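Trainee: If you use this note's numbering, the sequence shown corresponds to residues 6 to 369, in order.
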Amino acid sequence: MRVLHLLNHTRRLNGHVHAAVDLACAQVAAGHAVAMASEGGDFDALLDRHAVTRAVVGHERRPLALARSLRQLRRFIRDWRPDVVHAHMMTSAVLAWPVCKLAGIPLITTVHNAFEKSAVLMGLGTRVIAVSAAVARSMAERGIPRRKLDVVLNGTIGSARFERRGTQPRALGHPSILFVGGLHPRKGLPDLLQAFDRLHARFPDARLHVVGGGPDLEAYRDLAGSLYSAAAVIFTGPQDDPYPWMLGADIFVLPSLADPAPLVLPEAREAGCAIIATAVDGIPELLEQGSAGLLVPAQAPDQLLEAMASLLEAPERLAEWRANSQIRIGFLTIQRVAEETQRVYEAAIGRRRPEPVEAAPVRP
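1) From the DSSP output, which residues share a beta bridge with residue 257?
2) Going straight from the alpha carbon of residue 364 to that of residue 293, what length do you get?
3) From residue 174 to residue 79, what distance separates their C-alpha atoms?
4) Could you name the residues that DSSP lists as bridge partners for residue 155?
5) Which whole runs of the alpha helix (DSSP H) in the region 283-360 are 4 residues long or more, in chain order?
6) Is DSSP giving residue 37 helix, strand or coil here?
7) On the DSSP bridge list, what partners appear for residue 242?
8) With a Cβ-Cβ cutoff of 9 Å, do residue 189 and residue 220 count as a contact?
9) The alpha helix (DSSP H) with residue 194 in it runs from where to where?
10) How many whole angstroms separate the CB atoms of residue 9 and residue 117, which I take to be in contact at a CB cut-off of 8 Å?
11) Express the C-alpha separation of residue 38 and residue 81 in angstroms, rounding to a whole number.
12) According to the neighbour-count rule (16 or more other Cβ atoms, all chains shown, within 10 Å of its Cβ), is residue 56 buried or exposed?
13) For residue 2, name the three-state secondary structure that DSSP assigns.
14) Compute every distance between the C-beta of residue 201 and the non-hydrogen atoms of the ligand ADP, then say whether any falls below 8 Å.
15) Tell me the DSSP secondary structure of residue 9 in three-state form.
16) Name the residue from 164, 100, 89 and 83 whose alpha carbon lies nearest to the alpha carbon of residue 71.
17) With DSSP as the reference, label residue 112 as helix, strand or coil.
18) Does the Cβ-Cβ distance between residue 214 and residue 184 come in under 9 Å?
19) Label residue 158 either buried or exposed according to how many other C-beta atoms from any shown protein chain fall within 10 Å of its C-beta, with 16 as the threshold for buried.
20) Ends of the beta strand (DSSP E) at residue 61?
21) Please report how far the alpha carbon of residue 261 lies from the alpha carbon of residue 195, in whole angstroms.
22) Work out the CA separation of residue 45 and residue 22 for me, nearest whole Å.
23) Is there contact between the region 145-155 and the region 122-137, where contact requires at least three CB pairs shorter than 8 Å?
24) Just how far apart, CA to CA, sit residue 49 and residue 162?
25) So, at 7 Å on beta carbons, what are the nonlocal neighbours of residue 308 in its own chain, with the 5 sequence-adjacent residues on each side left out?
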């Protein structure tokens, strides 16, 4: 099959970019012809190494620029002749829809950021992929017909992005707690800082490592600096490869307020961290509904504190939750994501109906 992925850029530190790049490389490995049309970025060399054809299609949201982008996309589709076009962001979907209609090509869209109001425009697709069952429910409630929705839960294990990643654990000391993510309100870092401040009073040797960048980096530095535990909170800034931090950490914490299906959780599970995360959106699905990681409510620093303390108070419990992170971990491979996405493509083309993809079962 010939697959054209369309997204705004290929720069690092954007989850939708990581997901699209992972999928494109996995599809080439499965024997498909794959192209990526975007404004380009950090992953271009990786795409070249994995024989993903690249094309330049602008995504600037100005009338003249969009008209130029439509011409670029139409020309590339005419020459490259894809069987399906797969759009990963709202602007990509809006650009692709008229071109696909004229060319008679199915348009697949993936909802990566369901929390955005514009996500409903992904309903322009012939079929719409939701990255978790929670996202599918949200999109159905917002008006996208259920008959168009398919769930393909995110997975990263075996990703081409990781072929050169570090395998030596960072020396973080013990006990070490790790956060990896964008530094903006949706990720809930202030709740973790508040909980850790009280945890540090009980466990003075504990350290919190914050890996990531974003618009609120300096505000969060200032917040941490005002706390009793200030000297124990280490901000590393954004890292191209956070995996060594995961390998060196005892506990990985994701205190998100909203998170459709964060790619960082399969990575933390692969590293064997004990995991604590909030029970929002697709997070429970990525943690086997609480079997592979401890789930706490969002915006509940008290419960986050007690979850961290319960692991630090009992080394055997920490070891148990490290082991639990491996429960059904084989489901989180990029190969599985590519196979399920292929079934969606075939359904859109009309070769066969898609097999239903359900969320992970609730476990006691």
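Glycine residues also receive a C-beta, built at the ideal position from the N, C-alpha and C atoms.
Predicted model only: the values in this text are computed from it and were never measured.
Mentor: In brief:
1) 183 and 280
2) Note that residue 364 scores a pLDDT of 46, beneath 50, so its modelled location is shaky; the value from the coordinates is reported in the next line. Their backbone Cα atoms lie some 9 Å apart in a straight line.
3) 47 Å
4) 134
5) 288-291, 306-318, 320-329 and 339-354
6) coil
7) 216
8) yes
9) Where residue 194 is concerned, the enclosing alpha helix (DSSP H) stretches over 194-207.
10) Contact flag wrong, Cβ pair sits at about 18 Å.
11) 14 Å
12) In the assembly as shown, residue 56 is an exposed residue. Its beta-carbon has fewer than 16 other beta-carbons within 10 Å.
13) Here the chain comprises residues numbered 6 to 369, so residue 2 is not present and cannot be evaluated.
14) The ligand ADP is not among the ligands present in this structure, which contains no ligands whatsoever.
15) strand
16) 100
17) strand
18) The answer is yes: Cβ separation under 9 Å.
19) Under the 10 Å beta carbon count, residue 158 is surrounded by 16 or more other beta carbons and is classified as buried.
20) 58-61
21) If you take the alpha carbons of residue 261 and residue 195, they lie about 10 Å apart.
22) 11 Å
23) yes
24) 21 Å
25) 301 and 302
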